[in-house]
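Read in order, the letters of the sequence shown correspond to residues 2 to 64 in the working numbering. The next block holds one structure in the form of structure tokens; read it before the comments.
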Amino acid sequence: MTDQENLDVKNAIDGKLSDTYDELEIVLKNLISEKEAAGDHGTFKRIDKTVDKVRIKMHRLKP
Numbered sequence: 002m003t004d005q006e007n008l009d010v011k012n013a014i015d016g017k018l019s020d021t022y023d024e025l026e027i028v029l030k031n032l033i034s035e036k037e038a039a040g041d042h043g044t045f046k047r048i049d050k051t052v053d054k055v056r057i058k059m060h061r062l063k064p
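Below you can see the structure in the form of structure tokens.
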């Protein structure tokens, strides 16, 4: 992942989500790959909760 993608994932985990559907779609893809690589249960759960939040926001913004 690029530095920008890493920053977007970090911001999403911290609760700062984009208001653009396309950007959220990219962040969701990156979060899922981070979740697969998560080493411990706490990190996995935190990313999993963020994935749910991103999906909910994407559903609201769906074109």
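Cβ atoms here follow ideal geometry from the backbone N, Cα and C, with glycine treated the same way.
1) Within 10 Å of its beta-carbon, does Thr3 have 16 or more other beta-carbons around it, so buried, or fewer, so exposed?
2) Please report the straight-line C-alpha distance between Ile52 and Lys17, rounded to a whole angstrom.
3) Taking a contact to mean a Cβ-Cβ separation below 9 Å, would you say Leu8 touches Lys58 in this structure?
4) In the DSSP assignment, the alpha helix (DSSP H) including Ser34 goes from what residue to what residue?
5) So Leu62 is in the alpha helix (DSSP H); what residue range does that whole segment cover?
From the atom records:
1) Flag for Thr3 reads exposed.
2) Correcting the residue type first, residue 52 is Val in the shown sequence and not Ile. Computed Cα separation, rounded: 13 Å.
3) No, the Cβ-Cβ distance between Leu8 and Lys58 is not below 9 Å.
4) Boundaries of the alpha helix (DSSP H) harbouring Ser34: 22–38, taken from the DSSP string.
5) Looking at the DSSP string, the run of the alpha helix (DSSP H) that includes Leu62 is 42–62.
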